[in-house]
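Notes to accompany the following structure.
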Amino acid sequence: MLASSYKIAKNACVEAMRKTPGANDLKEGCANQLCSSYDIQALWKESFLNACMLMDKELQGKMANIDCYCSGTTAVTLVKLGDDVVLGNVGDSRAVIGTTSDDGSLIAMPLTVDLKPSLPQEAERIRQCKGRVFALQDEPEVQRVWLPHDNSPGLAMARAFGDFCLKNFGVIAIPEVTHHRITDKDQFIVLATDGIWDVLTNKEVVDIVASVTTKSYAARAVVEMAVHSWRSKFPTSKVDDCAAVCLFLKDRVALSIEKNVKKNTLRKLMSSSVTQKSEALNRQSTNEGPISLSMKPGSSNEEPLQSEESVQLKPNIQSQESMAMDMKTSSQICKGNAVGDDEWRALDGVTRVNSLLNLPRFSADKSRAGG
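The sequence shown runs 1 to 371 under UniProt numbering.
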């Protein structure tokens with residue numbers, strides 16, 4: 001969809017060039033070259049805008065066969081053109097680049113902004129469209145979007161595909177398009193959903209990617225660590241969807257970075273995860289009766305991870321088994337030899353992993369029937 005939108009935009013640019021006075025004899029190849037050099041970023045911005053508009057329209061149509069009136073999704077998309085990177089962002093997924101500082105250390109630099117209702121310009125647009133923005137009393141740090149006369153649905157993002165119940169009240173699917181020029185210091189780019197960024201910092205994510213021994217396991221390492229962090233910080237809550245894509249800009253991460261980061265990154269993260277999980281289990285063991293199930297903070301309609309039946313933990317045995325399993329997983333991630341390796345392999349230079357096994361798909365037959 002994005003490629004076809006770009007082709008349409010470029011053809012329109014070529015036609016405009018040919019209609020310019022004095023350009024009647026301009027050959028097709030020269031027109032393409034002139035158009036590309038004229039404003040490639042503007043072409044891709046128009047392509048992103050058109051593609052996202054078509055995507056949202058297709059979701060709303062019956063051909064999608066997906067209930068997205070009060071549900072939706074985000075997207076962060078990247079196009080690499082030589083040393084130029086163009087990004088389109090809808091919602092609170094995020095792109096972060098791992099680059100080196102002047103002293104040779106690895107730093108994380110965000111390439112996108114999380115488009116949440118807490119941003120003044122996003123909140124202003126929503127309020128002008130009669131939508132409401134406020135946080136619940138028990139989670140004052142999370143601003144949400146609400147219908148004008150109903151305390152629902154409480155969307156925690158200002159832009160999204162789907163969520164059509166809020167599309168007349170300020171929530172949009174228009175991407176924010178940005179550009180980055182790749183330098184010699186840039187090592188790799190990570191695209192990930194908020195399930196990753198809610199529990200891992202930008203620096204932790206780039207350190208994890210730099211720590212793995214094989215590029216094809218980079219995205220897996222990020223997702224695995226995020227899932228472990230979710231389970232340690234919110235042991236009785238549902239784990240949010242964790243999806244990641246890693247694009248390597250060089251054949252390998254700079255040796256100085258790789259050597260310095262690899263020693264401690266995953267060990268520290270997993271050690272913190274194990275400590276938090278052990279403390280949570282010890283706290284639970286001091287309470288009499290069954291453990292109460294809680295919902296994940298920051299969501300409006302989560303389901304508990306476990307069933308409604310009461311669960312009685314054996315804290316001493318389970319905590320030891322959990323710690324042993326976590327340390328084993330950490331070792332496997334570092335070495336890149338966890339079970340089911342072939343399922344995690346991807347294109348050369350790019351790795352991508354999603355913690356969800358069954359993703360909704362468009363019906364190819366229905367989508368083509370109308371066109």
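All residues carry an ideal CB built from backbone N, CA and C; glycine is no exception.
query                                                                                                                            : result
C-alpha distance - phenylalanine 48 paired with alanine 135, whole-angstrom precision                                            : 31 Å
Helix, strand or coil at valine 245 [DSSP, three-state]                                                                          : strand
C-alpha distance - residue 372 paired with alanine 156, whole-angstrom precision                                                 : Within the shown structure, residues of the chain are numbered from 1 to 371, placing residue 372 beyond reach of any answer.
Where lysine 167 sits in the DSSP three-state scheme                                                                             : helix
Beta-carbon contacts of lysine 130 that lie in its chain and below 7 Å, excluding the five residues immediately before and after : Pro148, Phe169
Beta carbon of valine 76 nearer than 8 Å to that of valine 86                                                                    : no
Separation of arginine 159 from glycine 98, as counted between CA atoms                                                          : 26 Å
Valine 353 - DSSP class collapsed to helix/strand/coil                                                                           : strand
Beta-bridge partners of methionine 109, as assigned by DSSP                                                                      : Ile97
Threonine 201 classed as buried or exposed, judged by whether at least 16 other C-beta atoms fall within 10 angstroms            : exposed
Rounded separation between glutamine 60 and asparagine 151 - CA only                                                             : 23 Å
First and last residue of the uninterrupted alpha helix (DSSP H) at glycine 195                                                  : 194 to 197
Reference lysine 167, options Val353, Glu46, Asp56, closest by Cα                                                                : Asp56
Residue of Phe234, Asn89, Val205, Asp198 minimising C-alpha distance to isoleucine 189                                           : Val205
DSSP bridge partner residues for glutamine 143 (one or two, in chain order)                                                      : Ala135
Span separating the alpha-carbon of proline 117 from that of threonine 73                                                        : 15 Å
CB contact flag (valine 222, valine 209, <8 Å)                                                                                   : yes
Under the three-state DSSP convention, the category serine 299 falls into                                                        : With a pLDDT of only 39 at serine 299, under the threshold of 50, the placement of this residue in the model should not be trusted; the figure read from the coordinates follows. If DSSP states are grouped into helix, strand and coil, serine 299 belongs with coil.
Sequence-distant residues of the same chain with beta carbon closer than 6 Å to arginine 132, five excluded per side             : Trp146
C-beta contact flag for aspartate 186 and leucine 249 at 8 Å                                                                     : yes
Where alanine 51 falls, given that 16 or more other Cβ within 10 Å makes a residue buried                                        : buried
Those residues which DSSP pairs with glutamate 224 across a bridge                                                               : Beta-bridge pairing links glutamate 224 to no other residue.
Isoleucine 208 (DSSP reduced to helix, strand or coil)                                                                           : helix
Buried or exposed (CB count within 10 angstroms, at least 16 for buried), threonine 193                                          : buried
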